[in-house]
Amino acid sequence: GPGDLTRYARGAVVSGEDVVLYACGGDGTLNEVLQGAAGFTNAVLTHIPSGSGNDFVKLFDDPAAFRDLDRLLNGREVHLDLIRVKADGKSYYAANICSMGLDARIGTQIDRYRRFPGLGGKGAYLASTVVNVLKGTRQPFTIDFGSRRVSGEKTLICICNGSWYGGSFHPVPDARADDGLLDVLTVDAVSLPRLATAIGAYKKGLYARFPGLIDHCRTDALTVTCPTPQVINLDGEAVTACRAAFTLLPHNLRFLAPAGVRLLSKERKGELLGAI
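The structure is reproduced here in structure tokens:
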């Protein structure tokens, strides 16, 4: 049930002995194991992807290798950055991408529509999209970057350690999970006629073509506040809060990569903002 993998992972790491945790499932399974292992320096985490998106392993040059147990057992350890999220007094962790706003509501509510007869993955996604768009495409947010504060209505906020989420969303193609920085995208409030264009550009990582609509910056910490509780997507898992502080923990995640597999290397771009 919910939380079982977190409790199992915590039970495996509290002894202090070195342990390798193999998360077999989707990105949500990986995140649930991460919640139990984060903060324990004796824990090494890895992933045997068998979910619908398997987005986190797309950070590497050969994602399919994570299903090769021989290569995984003979792999090498890499140190990746980790996102710590403090939301209304509670601490959570994310290895890949966090988001708030429209896409967080859509993505975290897909499962409720999968229960309806005849709605598969795409049908459930479409149903969640229609319902949440009708509920409204904008919310008031205040985002503190330390050196800059941004306030106003936004369609969504995306905080990237990795570069893929939601199966096909690639908002910051050059995001790296080992550079000590978060890539943050904010999509301004848009009208319904412009929504498809904005989300299409965001999904494909074409934010630079819409500088007046989609803002990109890089930082190691930010705080987001909103007047009413909002859904926060943490690697596909949902929490709800009025205030969330996102802090990057450099090289905090010990991760086992299959033999011969390396992180994708990409040139870094974007405005760098100071920490809080």
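According to UniProt numbering, the stretch in the sequence shown is residues 1 to 276, in order. We put the CB at the ideal spot given by N, CA and C, even for glycine. Being a predicted model, the structure only gives us computed values, none of them experimental.
Residues that DSSP places opposite residue i in a beta bridge
i    : result
D183 : C160, R218
L263 : F60
E153 : P140
G1   : Paired residues: none, contrary to the question.
A94  : I83
A23  : H47
G101 : L156
Y165 : F169
Contact set for residue i: own chain, Cβ-Cβ below 6 Å, skip 5 residues either direction
i    : result
L45  : L21, A37, F255
A259 : R71, N74, G75
P49  : V57, F66
A245 : K86, T223
A23  : T29, L30, V33, H47
V150 : I143
Y125 : I110
Inter-residue CB distance, residue i and residue j (contact presumed, cutoff 8 Å)
i           : j    : result
I106        : T129 : 5 Å
I97         : N161 : 7 Å
L82         : L253 : 5 Å
V190        : D183 : About 21 Å; that fails the 8 Å criterion.
A43         : V78  : A43 to V78, Cβ: 14 Å. No contact.
T240        : I232 : 7 Å
A127        : N31  : 24 Å between Cβ atoms; not a contact.
D103        : L156 : 5 Å
residue 339 : L263 : Because the chain here runs from 1 to 276, residue 339 falls outside it and cannot be looked at.
Y165        : D62  : Actually they are not in contact, since the Cβ atoms of Y165 and D62 sit about 20 Å apart, beyond 8 Å.
Exposure label - residue i; buried when at least 16 CB within 10 Å
i           : result
F60         : buried
S90         : It is worth fixing the name first, because residue 90 is Lys in this sequence and not Ser. It counts as exposed.
K269        : The predicted model places K269 with a pLDDT of 48, which falls under 50 and marks its position as unreliable; any figure quoted below should be read in that light. Label assigned to K269: exposed.
A275        : Residue confidence is low: A275 scores 42 on pLDDT, short of 50, so the model does not pin down where it sits. Its coordinate-derived value is still stated next. The residue is exposed, with fewer than 16 neighbouring Cβ atoms inside 10 Å.
F40         : buried
A64         : exposed
H251        : exposed
G26         : buried
A208        : exposed
L134        : exposed
R176        : buried
F116        : exposed
G228        : Gly is not the amino acid found at residue 228; the sequence shown has Thr there. Classification of T228: exposed, given that the 10 Å Cβ count is below 16.
T197        : exposed
R218        : buried
S99         : buried
V14         : exposed
D111        : exposed
L80         : buried
residue 305 : Absent from the structure is residue 305, since the part of the chain shown begins at 1 and ends at 276.
Same chain, Cβ closer than 7 Å to residue i, five either side skipped, listed in chain order
i           : result
Q139        : G101, E153, K154, C226, Q230
T108        : V231, N233, A238
A257        : F60, G75, R76, V78
residue 282 : Residue 282 falls outside the range modelled here, since the chain spans only 1 to 276, and no answer is possible.
G68         : Here residue 68 is Asp; the residue named in the question, Gly, does not match the sequence. Counting only Cβ-Cβ distances below 7 Å, and skipping sequence neighbours, we find P258.
D88         : A241, C242, R243
Any non-hydrogen atom of the ligand SAM closer than 8 Å to residue i Cβ
i    : result
G200 : Of ligands this structure carries none, so the ligand SAM is not represented either.
Runs of beta strand (DSSP E) wholly within the region 168–213 (minimum 3 residues, chain order)
182–188
Uninterrupted beta strand (DSSP E) stretches inside the region 217–256 (no shorter than 3 residues)
221–234
Every unbroken alpha helix (DSSP H) inside the region 35–90 [4 residues or more]: 69–73
Please go through the region 106–133 and give each complete alpha helix (DSSP H) segment of 4 or more residues, from N-terminal end onward.
110–114
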